[in-house]
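*Asks:*
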Amino acid sequence: MESCNCIEPQWPPDDLLMKYQYISDFFIALAYFSIPLELIYFVKKSAVFPYRWVLVQFGAFIVLCGATHLINLWTFTVHSRTVASVMTTAKVLTAAVSCITALMLVHIIPDLLSVKTRELFLKNKAAELDREMGLIRTQEETGRHVRMLTHEIRSTLDRHTILKTTLVELGRTLALEECALWMPTRTGLELQLSYTLRQQNPVGYTVPIHHPVINQVFSSNRAVKISPNCPVARLRPAGKYMPGEVVAVRVPLLHLSNFHINDWPELSTKRYALMVLMLPSDSARQWHVHELELVEVVADQVAVALSHAAILEESMRARDLLMEQNIALDLARREAETAIRARNDFLAVMNHEMRTPMHAIIALSSLLQETELTPEQRLMVETVLKSSNLLATLINDVLDLSRLEDGSLQLDLGTFNLYAVFREVLNLIKPIASVKKLHVSLNLAPDLPEYAVGDEKRLMQTILNIVGNAVKFSKEGSISITAFVAKLDTLRDSKAPEFLPVLSDNHFYLRVQVKDSGSGINPLDIPKLFTKFAQNQSTGTRNSGGSGLGLAICKRFVNLMEGHIWIESEGLGKGCTAILIVKLGMPERVNESKLPYMPKMPTNHGQTAFPGLKVLVMDENGVSRMVTKGLLLHLGCDVTMVGSSDECLRLVSHEHKVVFMDICVPGIDSYGITIRIHEKFTKRHERPLLVALTGNTDKVTKENCMRAGMDGLILKPVSLDKMRSVLTDLLEHRVFFEAI
1 MESCNCIEPQ WPPDDLLMKY QYISDFFIAL AYFSIPLELI YFVKKSAVFP YRWVLVQFGA
61 FIVLCGATHL INLWTFTVHS RTVASVMTTA KVLTAAVSCI TALMLVHIIP DLLSVKTREL
121 FLKNKAAELD REMGLIRTQE ETGRHVRMLT HEIRSTLDRH TILKTTLVEL GRTLALEECA
181 LWMPTRTGLE LQLSYTLRQQ NPVGYTVPIH HPVINQVFSS NRAVKISPNC PVARLRPAGK
241 YMPGEVVAVR VPLLHLSNFH INDWPELSTK RYALMVLMLP SDSARQWHVH ELELVEVVAD
301 QVAVALSHAA ILEESMRARD LLMEQNIALD LARREAETAI RARNDFLAVM NHEMRTPMHA
361 IIALSSLLQE TELTPEQRLM VETVLKSSNL LATLINDVLD LSRLEDGSLQ LDLGTFNLYA
421 VFREVLNLIK PIASVKKLHV SLNLAPDLPE YAVGDEKRLM QTILNIVGNA VKFSKEGSIS
481 ITAFVAKLDT LRDSKAPEFL PVLSDNHFYL RVQVKDSGSG INPLDIPKLF TKFAQNQSTG
541 TRNSGGSGLG LAICKRFVNL MEGHIWIESE GLGKGCTAIL IVKLGMPERV NESKLPYMPK
601 MPTNHGQTAF PGLKVLVMDE NGVSRMVTKG LLLHLGCDVT MVGSSDECLR LVSHEHKVVF
661 MDICVPGIDS YGITIRIHEK FTKRHERPLL VALTGNTDKV TKENCMRAGM DGLILKPVSL
721 DKMRSVLTDL LEHRVFFEAI
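All residue numbers for the sequence shown refer to the UniProt record's numbering, where the first residue is 1 and numbers rise by one.
#1: Along the chain, where does the beta strand (DSSP E) containing His-439 start, and where does it finish?
#2: For Val-718 and Ala-483, what's the separation of their Cα atoms in angstroms?
#3: Report the residue from Met-380, Glu-178, Val-302 and Ser-220 whose alpha carbon sits nearest the alpha carbon of Ser-281.
#4: Starting from Ser-230, trace the beta strand (DSSP E) in both directions and tell me its first and last residue.
#5: When you compare the CB positions of Asp-662 and Asp-619, do they come within less than 8 Å of one another, or not?
#6: By Cβ distance below 8 Å, which residues in the same chain neighbour Asn-506 in space, the five residues on each side in sequence not counted?
#7: Tell me, please, whether the segment 678-685 touches the segment 311-331 by the rule of three or more beta-carbon pairs shorter than 8 Å.
#8: What's the call for Ala-114, buried or exposed, on a 16-neighbour Cβ count within 10 Å?
#9: Would the segment 410-430 and the segment 459-467 be scored as touching if the rule is three or more Cβ pairs under 8 Å?
#10: How is the beta strand (DSSP E) around His-507 delimited, first residue to last?
#11: In its own chain, which residues sit with a C-beta less than 8 Å from the C-beta of Pro-184, not counting the 5 before and 5 after it?
#12: Out of curiosity, what's the CA-to-CA distance linking Asp-263 and Glu-324?
#13: On a CA-only basis, which of Gln-377, Ser-388 and Glu-456 is nearest residue 741? Give me that one, please.
#14: Compute the Euclidean distance between the alpha carbons of Gly-221 and Met-275, then round it to the nearest angstrom.
#15: When the Cα atoms are used, what is the spatial distance from Ile-340 to Leu-713?
#16: With DSSP as the reference, please indicate the residues paired to Gln-192 in a beta bridge.
#17: Between which residues of its own chain and residue 795 is the CB-CB distance below 7 Å, once the five residues before and five after are set aside?
#18: Using only alpha-carbon positions, find the residue among Ala-67, Leu-635, Asn-704 and Asp-646 that is nearest to Val-726.
#19: Does the segment 646-655 touch the segment 373-387, meaning 3 or more C-beta pairs lie closer than 8 Å?
#20: Which of the three DSSP states, helix, strand or coil, is assigned to Arg-734?
#21: Tell me which residue opens and which closes the alpha helix (DSSP H) that Val-213 is part of.
#22: Any idea if Asn-72 is buried or exposed, counting beta-carbon neighbours within 10 angstroms, 16 or more meaning buried?
#23: Counting along the chain, where does the alpha helix (DSSP H) carrying Cys-705 start and finish?
#24: Which residue wins for smallest C-alpha separation from Val-582, given the options Ser-519, Pro-501 and Leu-120?
#25: What is the residue span of the beta strand (DSSP E) that Pro-527 lies within?
#26: Using 8 Å for Cβ pairs, my map puts Lys-699 next to Asp-412. What's the rounded Cβ distance?
#27: Would you report the Cα separation of Phe-737 and Leu-690, rounded to the nearest angstrom?
#28: Go ahead and pull the three-state DSSP assignment for Pro-280.
#29: DSSP three-state label for Asp-711, please.
#30: What does the alpha-carbon distance come out to for the pair Ile-432 and Arg-333?
#31: For Lys-614, which option in Lys-472, Phe-660, Leu-367 and Leu-715 has the closest C-alpha, if you only look at C-alpha atoms?
#32: Contact check, Phe-499 vs Val-485 under 8 Å by CB: the rounded distance?
#33: Return the chain-ordered ranges of every alpha helix (DSSP H) run that is complete within the segment 287-338 and spans a minimum of 4 residues.
#34: Tell whether a beta-carbon distance below 8 Å holds between Leu-464 and Val-425.
#35: Please state whether DSSP places His-634 in a helix, a strand or coil.
#36: Give the straight-line distance between the Cα atoms of Asn-229 and Ile-311, rounded to the nearest whole angstrom.
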C-alpha cells in the first residue's frame with residue numbers, strides 16, 4: 001500500500017460535497033447504463049429506422065461515459081495506480097468515441113432535417129387532400145341534392161307544379177325560412193310575387209323591375225347576396241331576431257313570340273324571373289359556397305324545365321288547333337265527297353236523261369234524212385242533225401271535264417296504230433274542209449313509229465279538236481298537220497318551265513303541229529284559250545260556234561299523257577300554229593294480227609241492210625224503244641221489243657241473233673239478266689249477242705258489262721250510220737265495245 005502512487009486532491013476535501021458528488025456519479029452511471037438498454041430495445045423493435053449503426057455508436061459513447069463516472073467513484077478515496085490507468089483508458093476511449101459521434105452527427109443532421117422537411121410537406125399534402133376530399137364530399141352531396149331536386153322538378157311538365165316543387169324542395173334541402181319566386185308581368189315593367197314557400201305574404205305584390213338590386217341580380221348568372229331590407233326580400237314580418245342572409249338568383253324564361261310548329265322557339269335573354277332564398281332569422285348561419293352553387297344549378301334546371309313546359313303548352317295548343325283544323329278539313333272533305341257524289345249522280349242521271357232524247361232526235365233525223373225530201377226540207381233536217389251532234393258533243397265535253405276535275409278519269413292504255421289515227425282524223429276533217437275549199441295536208445316523219453302504247457281515243461279526240469278549230473277559224477287557204485318524234489332540243493318551251501320531259505328507251509314524245517291560215521289570235525288572248533268556257537273574242541270568230549270547253553279539255557288530256565300544249569300566233573289575220581307534245585310508249589313486240597279490235601268511227605261502207613236479222617230490244621223508255629226499233633227496221637231487221645227483264649227472259653230464244661239492252665233502266669238489273677241469259681244458253685253458238693245501250697260514259701260501266709259477259713257496248717245517241725256500222729262489226733267480229 002505504501003508503494004502506490006496516490007493522487008492527492010487539489011482542494012481540501014469537504015465530506016458533504018464529496019458525498020453528494022459520490023451519489024451523483026452513481027446515479028449518472030446508472031442512467032448512462034440504462035439508456036443503451038433502451039436504445040437496444042428501440043433498435044430491435046424498429047424495422048425501418050435507417051441509422052442503426054449511429055445508435056450503436058451513440059450507445060457505446062453513453063456506456064463509456066457511464067463507465068467513466070462509475071470508475072470515478074473510486075477516485076474520491078485513496079486509490080491505486082491501476083484505478084488511475086483504467087480511469088485514463090476510459091476517458092481516452094470516451095473522448096475518441098465522442099469525437100467520432102460528433103463528426104458523424106455533422107453528416108446525419110442535414111439528412112434528418114430533410115426527412116423532417118419531407119414529413120412536413122407530406123403533412124401539408126395530407127391536409128390539402130383532406131380539404132379536397134371534403135370538397136368532393138360536399139360536391140357529391142350537392143350533386144345528390146341537385147339530382148334529387150332535378151328529378152322532383154322535372155317529374156312534371158306543368159309550369160305551376162314545377163315552380164311550387166322547386167320552392168318546397170329547396171326549402172327542405174337548405175332549411176330555408178322562406179323562398180319566393182317573382183315573375184315578370186305582361187308589360188315587362190314589374191315583377192310580381194307569384195309563388196312563396198310559407199305563404200306569409202299575399203301573392204300578387206309587385207316591385208319595379210328596374211330596381212338597382214334587381215338589375216344587379218339580372219346582370220349576373222351567379223347567386224347574389226342581397227340586403228334583407230330589399231323590396232323583394234321583405235317577405236316575413238319584422239321580429240326581434242337579426243334577419244338571416246338572403247340570396248337572389250335569376251331564372252331565364254322562354255320567350256314564345258316566334259314559336260312555330262316544327263321549329264324551335266327563340267330563347268330571349270331579356271326575360272327573367274327572380275328567385276329569392278332566405279336563411280332562418282334565429283341562427284348565425286351563413287351561406288356556403290356549395291349551397292350557392294346548388295341554388296345556381298337548380299335555377300338553371302328550373303329554366304330548362306320551364307322551357308320544356310312552355311314548349312309543351314304551346315305544342316298542346318298547336319295540337320288542339322291542328323285537331324280543330326283536321327276536324328274542319330275532314331268535315332270539308334266529307335262535304336266535298338258528298339258534293340262530288342251528288343254531282344256525279346246528277347251527271348249520271350242527266351247524262352242518261354239527256355242522251356235518251358238526243359238518241360231519239362239524232363236517230364229520227366238520220367232516218368228522215370234517208371227519205372225523199374225537198375231541198376228545203378233536207379236543209380232543215382241536216383240543220384237539226386248538226387245541232388243535235390253539236391249538243392251531243394257538248395254533253396260529252398261537260399262529262400269529260402267533270403271527270404277530269406275530280407280525278408276519276410284515267411287513261412285507257414293500249415297498243416294502237418298511230419298512222420291510222422292520223423288517217424282517221426284526216427278522213428273526218430276532209431269533208432268539212434272541202435266545203436270551205438280548204439286544203440288539208442298530212443306529213444308524217446319517216447322515223448315516226450307505226451304502233452304506239454297510249455290512249456288512242458283521247459289522243460284522237462285531242463288532235464281532232466285542234467284540227468277542227470283550225471278548220472273552223474279558217475275561211476280560205478290551207479291547213480297542214482305535221483307529226484314527228486320530238487328531240488330533246490324541241491321539247492323545252494320557255495313559256496312552260498314546269499314541263500320537264502324525261503327521255504327513255506321505252507317511251508318517246510310525239511310532237512304534232514297544226515298550222516292554219518285562219519283569222520289568227522291576239523297574243524294577249526292566247527293564255528285565256530285553255531280556260532274553260534273561254535272563247536276567242538276576236539272579230540269574225542264569235543259566231544263560229546262551240547262551248548269553249550274543247551281546248552280546256554285537250555289541255556287536261558295532254559297533261560294526263562305527261563305532255564304539253566300551246567298555241568303560237570303573230571296576231572290577227574296571220575293564222576296560228578297549235579303544238580302538242582304527248583308521251584307514248586313503245587310496244588315490246590308488235591303483231592298486227594294480235595292487236596285488240598278497236599272499232600272506228602261509223603262510215604257508210606260495208607253491208608247496208610240486214611234482211612231477216614232477228615233482234616230483241618229491251619228498253620223501259622217507250623220513245624227510246626221505238627227509235628231503236630225504227631233504226632233496225634230501216635236496216636231490214638226483224639225486231640221484237642220488250643219493256644221488262646222478265647219479258648226479255650221469256651221471249652229471248654236461239655233465233656235472236658242480237659239483244660240490245662238499256663242497262664240504265666231504274667229497277668232492272670241488266671247485269672243479272674245477262675248472267676241468266678248465259679245460264680239459259682249453255683252453248684255459245686246458240687246464244688244471241690248481248691249488246692248494252694247506255695248513256696253512261698264512265699269506265700266502270702264498260703268493265704261491269706265485260707264482267708257480266710256482254711258482247712258489246714254502244715253509247716247513246718245512235719244514228720242510222722252508227723247502227724249500221726255497229727251491226728256490221730258485231731256480226732263480223734262477234735264483239736263491239738265502243739271506246740269510252
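Yeah, the Cβ is synthetic: ideal placement off N, Cα and C, and Gly gets one too.
*Replies:* Quick look at the numbers:
#1: Residue mapping note: residue 439 aligns to position 439 of the sequence shown, counting from 1. Note, His-439: beta strand (DSSP E), 439-444.
#2: For the purposes of this step, residue 718 is taken as the residue at position 718 of the sequence shown. For the purposes of this step, residue 483 is taken as the residue at position 483 of the sequence shown. Val-718 and Ala-483 have their C-alpha atoms some 32 Å from each other.
#3: Within the sequence shown, the letter at position 281 stands for residue 281. Nearest of Met-380, Glu-178, Val-302 and Ser-220 to Ser-281, Cα basis: Glu-178.
#4: Locating residue 230 in the sequence shown gives position 230, counting from the first residue. According to the sequence shown, residue 230 is Cys rather than Ser. Where Cys-230 is concerned, there is no enclosing beta strand (DSSP E), given that its DSSP letter is neither H nor E.
#5: As a first step, residue 662 is located in the sequence shown; it is residue number 662 there, counting from the start. As a first step, residue 619 is located in the sequence shown; it is residue number 619 there, counting from the start. In contact: Asp-662 and Asp-619 (Cβ atoms closer than 8 Å).
#6: Looking up residue 506 in the sequence shown gives position 506. For Asn-506, where only same-chain residues beyond five positions count, the Cβ hits under 8 Å are Gly-585 and Met-586.
#7: As far as the Cβ criterion goes, the segment 678-685 does not touch the segment 311-331, which means the pair count is below three.
#8: Locating residue 114 in the sequence shown gives position 114, where the first residue counts as 1. Strictly speaking, residue 114 in this sequence is Ser, with Ala absent from that position. Of the residues assessed, Ser-114 falls on the exposed side of the cut-off, its CB having fewer than 16 other CB atoms within 10 angstroms.
#9: Because the criterion of three Cβ pairs below 8 Å is met, the segment 410-430 and the segment 459-467 touch.
#10: As a first step, residue 507 is located in the sequence shown; it is residue number 507 there, counting from the start. Run containing His-507: 507-516, per the beta strand (DSSP E) assignment.
#11: Sequence index remark: in the sequence shown, residue 184 carries index 184 (1-based). Result list for Pro-184: Glu-190, Leu-191, Gln-192, Ile-209, Leu-253, Arg-271, Tyr-272 and Ala-273, in chain order.
#12: Sequence index remark: in the sequence shown, residue 263 carries index 263 (1-based). Sequence index remark: in the sequence shown, residue 324 carries index 324 (1-based). Annotation note: pLDDT 44 at Asp-263 (below 50); position unreliable, no value reported.
#13: This structure cannot settle anything about residue 741, because the visible part of the chain is limited to 1 through 740.
#14: Start at 1 with the first residue of the sequence shown, and residue 221 comes out as number 221. Start at 1 with the first residue of the sequence shown, and residue 275 comes out as number 275. Note that residue 221 is Asn in the sequence shown, not Gly. A direct Cα-Cα distance of roughly 12 Å separates Asn-221 from Met-275.
#15: Residue numbering aside, residue 340 sits at position 340 when the sequence shown is read from its first letter. Residue numbering aside, residue 713 sits at position 713 when the sequence shown is read from its first letter. So the alpha carbons of these two residues sit roughly 26 Å apart.
#16: Here residue 192 is taken as the residue at index 192 of the sequence shown, counted from 1. Answer by DSSP bridge pairing, in chain order: Met-183 and Thr-206.
#17: Nothing can be reported for residue 795, as the shown portion of the chain is limited to 1 through 740.
#18: Along the sequence shown, one-based indexing puts residue 726 at 726. Cα-wise, what sits closest to Val-726 is Leu-635.
#19: No, the segment 373-387 does not touch the segment 646-655.
#20: The residue given as residue 734 occupies position 734 in the sequence shown. DSSP places Arg-734 in coil when its eight states are reduced to three.
#21: What you label residue 213 is simply residue 213 of the sequence shown in a count that begins at 1. Boundaries of the alpha helix (DSSP H) around Val-213: 212-218.
#22: Here the question's residue 72 lines up with position 72 in the sequence shown. So Asn-72 ends up on the buried side.
#23: For the purposes of this step, residue 705 is identified with residue 705 of the sequence shown, where counting begins at 1. In the DSSP assignment, Cys-705 falls within the alpha helix (DSSP H) that extends over 699-708.
#24: By one-based count along the sequence shown, residue 582 stands at place 582. Looking at the Cα atoms, Pro-501 is the closest of the given residues.
#25: Position 527 of the sequence shown, counted from the first residue, corresponds to residue 527. Counting along the chain, Pro-527 falls outside any beta strand (DSSP E), and DSSP gives it neither H nor E.
#26: In the sequence shown, residue 699 corresponds to position 699, counting from 1. In the sequence shown, residue 412 corresponds to position 412, counting from 1. About 7 Å separates the CB atoms of Lys-699 and Asp-412; that is less than 8 Å, so the two are in contact.
#27: For the purposes of this step, residue 737 is taken as the residue at position 737 of the sequence shown. For the purposes of this step, residue 690 is taken as the residue at position 690 of the sequence shown. If you draw a straight line from the Cα of Phe-737 to the Cα of Leu-690, it comes to about 11 Å.
#28: Position 280 of the sequence shown, counted from the start, is the residue given in the question as residue 280. DSSP places Pro-280 outside both helix and strand once states are collapsed to three, so it counts as coil.
#29: Along the sequence shown, one-based indexing puts residue 711 at 711. Reduced to three states, the DSSP call for Asp-711 is coil.
#30: Along the sequence shown, read from residue 1 onward, the residue named residue 432 stands at position 432. Along the sequence shown, read from residue 1 onward, the residue named residue 333 stands at position 333. Distance between the alpha carbons of Ile-432 and Arg-333: 47 Å.
#31: Taking the sequence shown and counting its residues from 1, the one referred to as residue 614 is at position 614. Nearest option by C-alpha distance: Phe-660.
#32: Taking the first residue of the sequence shown as position 1, residue 499 is located at position 499. Taking the first residue of the sequence shown as position 1, residue 485 is located at position 485. So it is not a contact: roughly 17 Å between Cβ atoms.
#33: Listed in chain order, nothing qualifies, since the segment 287-338 has no complete alpha helix (DSSP H) run of 4 or more residues.
#34: Counting from 1 along the sequence shown, the entry for residue 464 is found at position 464. Counting from 1 along the sequence shown, the entry for residue 425 is found at position 425. It is a contact, given that the beta carbons lie within the stated cut-off.
#35: Here residue 634 refers to the residue found at position 634 when the sequence shown is read from its first residue. Of the three classes helix, strand and coil, the one that applies to His-634 here is helix, per DSSP.
#36: Here residue 229 refers to the residue found at position 229 when the sequence shown is read from its first residue. Here residue 311 refers to the residue found at position 311 when the sequence shown is read from its first residue. Going by the C-alpha atoms only, they are around 37 Å apart.
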